[in-house]
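Q: Below is one structure. I have some questions about it.
Protein chains: 4
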Amino acid sequence: MSDEASLEPPLEPVSLSRRLAAEALGTAMLLAVVVGSGIMGERLAGGNDAIALIANTLATGAGLTVLIVVFGPLSGAHFNPAVTLVFALRREIGAGLAAAYALVQAVGGIAGVWAAHAMFAEPVWQVSAKLRAGPSQMFSEAVATFGLIVTILGCVRLRPAFTPMAVGLYITAAYWFTASTSFANPAVTLARCLSNTFAGIAPASAPGFVAGQLAGALAAAALMAWLLPTRRA
Amino acid sequence: MSDEASLEPPLEPVSLSRRLAAEALGTAMLLAVVVGSGIMGERLAGGNDAIALIANTLATGAGLTVLIVVFGPLSGAHFNPAVTLVFALRREIGAGLAAAYALVQAVGGIAGVWAAHAMFAEPVWQVSAKLRAGPSQMFSEAVATFGLIVTILGCVRLRPAFTPMAVGLYITAAYWFTASTSFANPAVTLARCLSNTFAGIAPASAPGFVAGQLAGALAAAALMAWLLPTRRA
Amino acid sequence: MSDEASLEPPLEPVSLSRRLAAEALGTAMLLAVVVGSGIMGERLAGGNDAIALIANTLATGAGLTVLIVVFGPLSGAHFNPAVTLVFALRREIGAGLAAAYALVQAVGGIAGVWAAHAMFAEPVWQVSAKLRAGPSQMFSEAVATFGLIVTILGCVRLRPAFTPMAVGLYITAAYWFTASTSFANPAVTLARCLSNTFAGIAPASAPGFVAGQLAGALAAAALMAWLLPTRRA
Amino acid sequence: MSDEASLEPPLEPVSLSRRLAAEALGTAMLLAVVVGSGIMGERLAGGNDAIALIANTLATGAGLTVLIVVFGPLSGAHFNPAVTLVFALRREIGAGLAAAYALVQAVGGIAGVWAAHAMFAEPVWQVSAKLRAGPSQMFSEAVATFGLIVTILGCVRLRPAFTPMAVGLYITAAYWFTASTSFANPAVTLARCLSNTFAGIAPASAPGFVAGQLAGALAAAALMAWLLPTRRA
Numbered sequence: 008m009s010d011e012a013s014l015e016p017p018l019e020p021v022s023l024s025r026r027l028a029a030e031a032l033g034t035a036m037l038l039a040v041v042v043g044s045g046i047m048g049e050r051l052a053g054g055n056d057a058i059a060l061i062a063n064t065l066a067t068g069a070g071l072t073v074l075i076v077v078f079g080p081l082s083g084a085h086f087n088p089a090v091t092l093v094f095a096l097r098r099e100i101g102a103g104l105a106a107a108y109a110l111v112q113a114v115g116g117i118a119g120v121w122a123a124h125a126m127f128a129e130p131v132w133q134v135s136a137k138l139r140a141g142p143s144q145m146f147s148e149a150v151a152t153f154g155l156i157v158t159i160l161g162c163v164r165l166r167p168a169f170t171p172m173a174v175g176l177y178i179t180a181a182y183w184f185t186a187s188t189s190f191a192n193p194a195v196t197l198a199r200c201l202s203n204t205f206a207g208i209a210p211a212s213a214p215g216f217v218a219g220q221l222a223g224a225l226a227a228a229a230l231m232a233w234l235l236p237t238r239r240a
Numbered sequence: 008m009s010d011e012a013s014l015e016p017p018l019e020p021v022s023l024s025r026r027l028a029a030e031a032l033g034t035a036m037l038l039a040v041v042v043g044s045g046i047m048g049e050r051l052a053g054g055n056d057a058i059a060l061i062a063n064t065l066a067t068g069a070g071l072t073v074l075i076v077v078f079g080p081l082s083g084a085h086f087n088p089a090v091t092l093v094f095a096l097r098r099e100i101g102a103g104l105a106a107a108y109a110l111v112q113a114v115g116g117i118a119g120v121w122a123a124h125a126m127f128a129e130p131v132w133q134v135s136a137k138l139r140a141g142p143s144q145m146f147s148e149a150v151a152t153f154g155l156i157v158t159i160l161g162c163v164r165l166r167p168a169f170t171p172m173a174v175g176l177y178i179t180a181a182y183w184f185t186a187s188t189s190f191a192n193p194a195v196t197l198a199r200c201l202s203n204t205f206a207g208i209a210p211a212s213a214p215g216f217v218a219g220q221l222a223g224a225l226a227a228a229a230l231m232a233w234l235l236p237t238r239r240a
Numbered sequence: 008m009s010d011e012a013s014l015e016p017p018l019e020p021v022s023l024s025r026r027l028a029a030e031a032l033g034t035a036m037l038l039a040v041v042v043g044s045g046i047m048g049e050r051l052a053g054g055n056d057a058i059a060l061i062a063n064t065l066a067t068g069a070g071l072t073v074l075i076v077v078f079g080p081l082s083g084a085h086f087n088p089a090v091t092l093v094f095a096l097r098r099e100i101g102a103g104l105a106a107a108y109a110l111v112q113a114v115g116g117i118a119g120v121w122a123a124h125a126m127f128a129e130p131v132w133q134v135s136a137k138l139r140a141g142p143s144q145m146f147s148e149a150v151a152t153f154g155l156i157v158t159i160l161g162c163v164r165l166r167p168a169f170t171p172m173a174v175g176l177y178i179t180a181a182y183w184f185t186a187s188t189s190f191a192n193p194a195v196t197l198a199r200c201l202s203n204t205f206a207g208i209a210p211a212s213a214p215g216f217v218a219g220q221l222a223g224a225l226a227a228a229a230l231m232a233w234l235l236p237t238r239r240a
Numbered sequence: 008m009s010d011e012a013s014l015e016p017p018l019e020p021v022s023l024s025r026r027l028a029a030e031a032l033g034t035a036m037l038l039a040v041v042v043g044s045g046i047m048g049e050r051l052a053g054g055n056d057a058i059a060l061i062a063n064t065l066a067t068g069a070g071l072t073v074l075i076v077v078f079g080p081l082s083g084a085h086f087n088p089a090v091t092l093v094f095a096l097r098r099e100i101g102a103g104l105a106a107a108y109a110l111v112q113a114v115g116g117i118a119g120v121w122a123a124h125a126m127f128a129e130p131v132w133q134v135s136a137k138l139r140a141g142p143s144q145m146f147s148e149a150v151a152t153f154g155l156i157v158t159i160l161g162c163v164r165l166r167p168a169f170t171p172m173a174v175g176l177y178i179t180a181a182y183w184f185t186a187s188t189s190f191a192n193p194a195v196t197l198a199r200c201l202s203n204t205f206a207g208i209a210p211a212s213a214p215g216f217v218a219g220q221l222a223g224a225l226a227a228a229a230l231m232a233w234l235l236p237t238r239r240a
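Chains as they are written, first to last, in this note's numbering: chain Y, 8 to 240; chain Z, 8 to 240; chain A, 8 to 240; chain U, 8 to 240.
Okay, here's the thing in C-alpha cells:
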C-alpha cells in the first residue's frame, strides 16, 4: 500500500503537514472561486441565469485548473473526498491519510465559502434554502462524478501533464450538461450548504447529492479498473 | 493493412472489447454533453439563442477535448462514423473493425441522448420536430466536416499531442461559422433525431446532413492525401 | 536569403504548390470563420452587439489557433500580407514567394467570404456599407497589428510550440481592446469589404485600415529587431 | 543576490535596457487590454454589466497570457510592483533593479491607459470617479493578490512552462470571485485611476487597494516559503 495518492508525481517527498495544508488551502480557494463568482455573476447578470452561469463556469474552470497545477505536486490536489475515496480503494493512499484528507477538505471548503462571503460583504454565516431535489438531480450528480473520475483516472494514467487542464475543462462542460450544475464533490456540497447565494444548496438536498456522487465515483472506479488494467509487467 | 486507427499512438495493445467500450462510452458522453448543455442553455437563456449557443459551445468544446484526451489512447476517439470511414479509406483501420466502430458509435450516441433526457427530467423517448433543411444547411455540413477532417489529419501527422485540443477548438469555431451549427458527424446526427430539444434535428432533415458530411469528409481526405503525402521512406 | 518564412520549422521540404495551397486554404477558412460567426452571432444575439462579438471572438480565436496548428508546418500559416511583409523584410522569405503569398491570401480570403455567404444563404456578391473611419480607427489598427507582430516574432524566437495558441489568444484580446475590433490584416480587410454583414467594412474605409496595419507592422518589426537580436553566433 | 527575477529562465543574458523596455511595453499593453476591452464591453453590452465583464475577462486573460509568453524570457514579465517586491524579498532580484522595474511599470501602465483612450476616441486625460471602497474591497484585493503570488511561485517552481497560461487563467477566475474584480497590482491600480471608464478606480480608493494588495502578497510569500522550501541540496 502506497501513500502516493497524487494526480501528479511529487517532485520530492512532501511532509504530512504540507500535504494537508495544500489540500485545505486548495479546497478553500476552490470554494471561494465557486461561491464568489456565483455571487458576482448573479449580482451583475440582470436576472439572466444563463449569463450568471457562464461567468460562474469560466471562473470555476479556470480557477480549478490553476489550483491543480499549483497544488498537484504537493498533495495530489484532490480537493474532493470522492476522489480521495477512489484512490484509497485503489490502494494508492492509506486509509488514515485519506481520512485526514477528507477532514481538511471539509474544513477548507467551509473556510473558502466564508472568505467569499466576506469579500462580497455578505453575512459570513448563512444556510442555503435552495432545494435541489429529486431523482433527476441525484442521477445528474452520479453522471457528473462518474465523468470526473473517468477523466482523472484516464489522465493520470495516460496523459498526466494534461490532468489540470482536463479537470478544468471537464467541470466547464459538466456545469452545463448536468441538471444539477455538477457539484460532483461531497466537500463542495457540504460547504455550499452554508451559502444562501447563487451556488448554494439546501442541507435537505445534500444527502441525495452525496449519494449520487458516491455511486457515480464507484461505478467509474470499477469501469476504469477494467478499461485500464494497472498490471503491465 | 493496419488496425491502428488511432488519433493517438496507443500506449499498449488494447483489446477489441476495450476499444469498442471506449468508443461507445466516449460517444455516449459526447452526446450527453451536446444535448444536456443545449437543454440547460435554452432553459436559462431567457429566449436569447446566442447566449444558449455560447453555453452549448463552451460545454461541447471543453467536453470533446477531455473525451479525446481520455479515450484517444484506447480507441482513437473517433466517436464519428465519418472519421472512421476516412481512416478505413486510408487503410489505417480494417473494414470489419470500422463497421463495429460505426455500430457502437450509433448505439452509444443514442444512449447518451437518453442519459441527458433523464438528467433533465425530460421524457426519454423523443423525436425531434426541428427542421434543418435546404442546400445551405447541406453545404454547411460539408464545410464543417471538411474542416474537421483537415484538422484531424493535419494534427495526427504534424502535431499529435495537440489533437484533442485542436478538435475541441475546431468544434468551438464550427458551432458558429456554419449555418447548421456543425453536426459534422452521422452518429451525432442520428442521435440528435431522438431529442426534441435545443440540439435536436428532425429525421426528415437527417439524410441531407449525412450526405453533406460524407461529401465534406471525402473531399478533405482527398485534399490531405495530396497535401501531406504519407510516403516518407 | 532564405525561403523558410515559417512560423514553425517545416517537417520536411514542402513543394511550392503545396505551400501556396496551404496559404490559400488557410486564409479562406479564416475568413469563413470570421464572417460566418459574425453572421450567426448577429442573427441570434437579439440586438445585443456585445453578445454577437463574444461569439465572433470565441470562434475566431479558436479557429485561428487550429488553422495555424494545421498549416503552420506547411506554409508558415501567415494568412496575412502584413506578416509576410515582415518576414520578407527580415529576409526570411524571398520577394517572389512573398508576392505569391500575398496574392493567394487575397484570393483565398475572398473565397472564404463567399463560402460563408453560401452557408448562410446570403447573396454571394456583397459590398459592405459599414463605415469604420477616423484616426481612432486607424490608430486602433496600428496598435492591433503592432501587437500581432510582437506576438508572432516573440513566439517564433522564444516559444515556437506556443505560437498557434498565442496568436489565437492575441486576436481574442484584440477583438475587444481595439476600437476597430482588430482586423490587423490587409487580406482580411479586402475580403471583408465584400460582405455587408456584421464583420464587413466599407471599401472607403479600407485604405485607412491598411495604412494603419502597415505602420503598426513596421514599428513592431523595428522594435523586435532591437529587442531580440538574431545574431547568436 | 541574483538579478534573475524571471518568471522564466532567460534564453541568454538580456541587457538592462531591453529588460526595462520589455517590462514597460508589457505593462503598457496589459493596461491597453484591460481598459480598452472595458470600454468596448461597456459600449456594446446594452447596460448588462455581466456581459461587459465577461468580455473584459476574456480579453484580459487571453492578453495577459500572451504578454507573459512573449516578455517572460526577456524581463520575467512581472508587470506588477507587488510581484517585483516578492522577488526582491526572496533575493531573486536586486533592490536597485526592482525599483527600476516598479518605475517603468508605473510609466508603462499610464501610457497603456492613454493608448486605450486614443483608440476609443476618448479624452486622453481622465481621472476616475468610480469609488471602490470599504473593507470588503480591501479584503478582496488581499485575497486576489494572495492567489496571484501563490500561482506564480507555485508555477515557477513546479511547472515553469505553464506559468503564462496559469497566470492568465488565474486572473480570469479572479475577475469574478473577488468583489473588487481583482486589480491585484499597484501599477494597474495607479494607471486605472487615470481612466473614468468601466475599468477605472477613483484615486481616493487606490490606497486601500494597494494596502490590500501588499498584505496579500506578503502573506502569500510567507506561506509559499514554508510550503515550497527552496533548499534542495
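Every residue, glycine too, gets a C-beta built ideally from N, C-alpha and C.
Being a predicted model, the structure only gives us computed values, none of them experimental.
Please list the residues of the segment 180-210 of chain Z that have a C-beta atom closer than 9 Å to any C-beta atom in chain A, keeping them in chain order.
A: A180, A181, Y182, W183, F184, T185, A186, S187, T188
Q: Check whether the Cβ atoms of F86 of chain Z and L104 of chain Z lie closer than 9 Å to each other.
A: no
Q: Have a look at Z:Y182, Z:A29, Z:P130 and flag the residue whose alpha-carbon is nearest the alpha-carbon of G154 of chain Z.
A: The option with the nearest alpha carbon to G154 of chain Z is Z:Y182.
Q: Identify whether H252 of chain Z lies in helix, strand or coil by the three-state DSSP scheme.
A: Outside the modelled stretch of chain Z, which goes from 8 to 240, sits residue 252 of chain Z, for which no answer is possible.
Q: Which residues of the segment 62-76 of chain U have a Cβ closer than 8 Å to any Cβ of chain A? Give them in chain order.
A: Against chain A - using a Cβ distance shorter than 8 Å - the residues of the segment 62-76 of chain U are A62, N63, L65, A66, T67, A69, G70, T72, V73, V76.
Q: Identify every run of the alpha helix (DSSP H) within the segment 108-179 of chain U, keeping only runs that are complete inside it and at least 4 residues long; order them along the chain.
A: 142-165
Q: Give the single residue among U:G161, U:I58, U:A228, U:T237 whose Cα lies nearest to the Cα of T91 of chain U.
A: U:A228
Q: Should the segment 133-145 of chain A be regarded as contacting the segment 22-39 of chain U, the criterion being three or more beta carbon pairs within less than 8 Å?
A: no
Q: Answer yes or no: do G223 of chain Y and V150 of chain Y have a C-beta to C-beta separation smaller than 9 Å?
A: Taking 9 Å as the cut-off, the beta carbon of G223 of chain Y is found closer than this to the beta carbon of V150 of chain Y.
Q: Taking S24 of chain U as part of the alpha helix (DSSP H), name the residues at either end of that continuous run.
A: 23-51
Q: Just to confirm my understanding: we take A59 of chain Z, look at its own chain, exclude 5 residues before and 5 after, and list those with CB closer than 7 Å. What are they?
A: The beta carbon of A59 of chain Z lies closer than 7 Å to those of G48, E49, A52, F205 in the same chain, with the five residues before and after it left out.
Q: Quick check on the burial criterion: 16 or more other C-beta atoms within 10 angstroms. Buried or exposed for S189 of chain Z?
A: Buried, by the Cβ-count rule.
Q: Using DSSP with H/G/I as helix, E/B as strand and the rest coil, what is L96 of chain A?
A: helix
Q: For W233 of chain U and A84 of chain U, what's the separation of their Cα atoms in angstroms?
A: 25 Å
Q: Quick check on the DSSP output: the alpha helix (DSSP H) that includes F216 of chain A runs from which residue to which?
A: 213-234
Q: Residues of chain A with CB under 8 Å from N55 of chain Z, in chain order?
A: L51, A52, G53, N55, I58
Q: Taking just the CA atoms, how far does Q144 of chain Y sit from L201 of chain Y?
A: Counting only the Cα atoms, Q144 of chain Y lies some 19 Å from L201 of chain Y.
Q: Going by beta-carbon coordinates alone, are L65 of chain U and A128 of chain A separated by less than 9 Å?
A: Not closer than 9 Å, so no.
Q: Is there a Cβ of chain Y sitting closer than 9 Å to that of A218 of chain U, yes or no?
A: no
Q: Please list, in chain order, all residues of the same chain as R199 of chain Z whose beta carbon is under 6 Å from its beta carbon, the five residues on each side excluded.
A: A206, G207, I208
Q: With respect to the alpha helix (DSSP H) encompassing G68 of chain A, which residues constitute its N-terminal and C-terminal limits?
A: 56-82
Q: Under a CB-based cut-off of 9 Å, is R26 of chain A close to chain U?
A: no
Q: Are F184 of chain U and G43 of chain Y closer than 9 Å when you measure CB to CB?
A: yes
Q: 9 Å is my cut-off, CB to CB: does G299 of chain Y come that close to chain U?
A: Since the first residue shown for chain Y is 8 and the last is 240, residue 299 of chain Y is missing from the structure and cannot be characterised.
Q: So that I know if they touch, is there some Cβ in chain A lying closer than 9 Å to that of G116 of chain U?
A: no
Q: Could you tell me the distance, in whole angstroms, from the CA atom of V195 of chain Y to the CA atom of Q112 of chain Y?
A: 9 Å
Q: How would you label R166 of chain Y, buried or exposed, when you count the other beta carbons within 10 angstroms and need 16 or more for buried?
A: Buried, because 16 or more other Cβ atoms sit within 10 Å of the Cβ of R166 of chain Y.
Q: Whose C-alpha, out of Y:S24, Y:G54, Y:L71, Y:G45, is nearest the C-alpha of M36 of chain Y?
A: Y:L71
Q: For S212 of chain Z, go through chain A and note every residue whose CB falls closer than 8 Å to its CB, in chain order.
A: In chain order: nothing, as chain A lies at least about 15 Å away.
Q: Just to confirm before moving on: does the CB-CB distance between V157 of chain A and V77 of chain U stay below 9 Å?
A: yes
Q: For a cutoff of 9 Å on Cβ pairs, would you count L32 of chain Z as touching chain Y?
A: yes
Q: Put G101 of chain U into one of helix, strand or coil per three-state DSSP.
A: coil
Q: Below 8 Å on the Cβ atoms is my contact criterion, and I expect A62 of chain Z with A122 of chain Z to pass it. Report the Cβ-Cβ distance as a whole number of Å.
A: 19 Å between Cβ atoms; not a contact.
Q: Could you work out which residue in Z:T67, Z:R26, Z:L81, Z:A69 is closest to G161 of chain Y when comparing CA atoms only?
A: Z:L81
Q: Can you tell me which of the three DSSP states T91 of chain A falls into?
A: helix
Q: Under 7 Å between beta-carbons, which chain Z residues line up against V40 of chain A? List them in chain order, please.
A: A180, F184
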